[in-house]
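Accompanying notes for the structure given below.
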Amino acid sequence: MFSYAIFDFDGTLADTGAGVFASVQYALRSMGEPELDSETLKYFIGPPLETSFSVKCGLDSERSREAVGKYREYYSTKGIYELKFFPSTLSALREIKAAGVKTAVGSSKPELFVNRILEHFGISELFDFVSGATFGEPHADKTVIITRAAEGLGIENLSNAVMVGDRSFDIDGAHGVGMKCIGVLEGGYGDENEFKTAGADWIVNTLADAKDIILK
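Per my numbering, the very first residue in the sequence shown carries number 39; after that it's consecutive.
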């Protein structure tokens, strides 16, 4: 059994697509940029926002930062709550906590937003620590996020800890600090090929499956 588990949020614990996508389109409309098709929008689940606007919209650094600001205008008041937890998320988290595993969120989403979501849905007690980006940290490297989470949980031996995520960024970040990672397919934003290419240690369908690995 692992003693510590760090969870990505978007696409791993909840389908946050509706709020993220609406916020992206709002930002692009506000800036006079063309809106994106549904397939391209999926890229915005996981990577840092500034990177996504640059890669998928062709915006330079200054325009990408402006887009992030516009995105947050919508997201901070409406988009933040436009999400659905996956069917096994809450029961799996409760079982993991009941087994004595220390848990954290490790997300590229601003920490303020993660805490606001957890408080809004009444599940803050399911996590011992939250590690997210700061507003002055546009790139929010996942290795940095996971390192903060590990420090916040007081992890001394990384072999006792595991990262759970839905994109290659989560796997790369975990391996970057010497931690194993479980790739979860349920959200549909990452796929098996992406996980295999990134070298996921396990690939599972749902968070309930990830729970079984954590508690084994």
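Heads up, the beta-carbon is just placed ideally off N, CA and C, and yes, glycines get one too. As the structure is a computational prediction, the values presented were derived from the model and not from experiment.
Check	Outcome
F82 in three-state terms, based on DSSP	helix
Classification of T235 by the beta-carbon crowding that lies within 10 angstroms, buried from 16 upward	exposed
Burial state of D98, where buried means 16 or more other Cβ atoms lie within 10 Å	exposed
Straight-line Cα distance separating S162 from R132	11 Å
Proximity winner among E77, L128 and V58, relative to G160 (alpha-carbon distances)	L128
Distance, P85 Cα to G117 Cα	17 Å
Outcome for D208 when other beta-carbon atoms lying within 10 angstroms are tallied against a minimum of 16	buried
Nearest-angstrom Cβ-Cβ length linking G174 and A142, presumed shorter than 8 Å	Rounded, the Cβ-Cβ distance is 21 Å, inconsistent with contact.
Residue ranges of each beta strand (DSSP E) within the stretch 156 to 221, 3 or longer	167 to 171 and 199 to 203
Exposed unless 16 or more other CB atoms sit within 10 angstroms - verdict on D75	exposed
Cα-Cα separation, G192 to E73	43 Å
Alpha-carbon spacing of Y227 relative to E77, whole angstroms	10 Å
Cβ pair M31, A188 closer than 9 Å	Beyond the ends of the chain as shown, which are 39 and 254, falls residue 31; an answer cannot be given.
T115 in three-state terms, based on DSSP	coil
Identity of the residue in D250, I44 and M39 nearest S146 by Cα	I44
Outcome for K254 when other beta-carbon atoms lying within 10 angstroms are tallied against a minimum of 16	exposed
T141, enclosing beta strand (DSSP E) - first and last residue	K140 to P148
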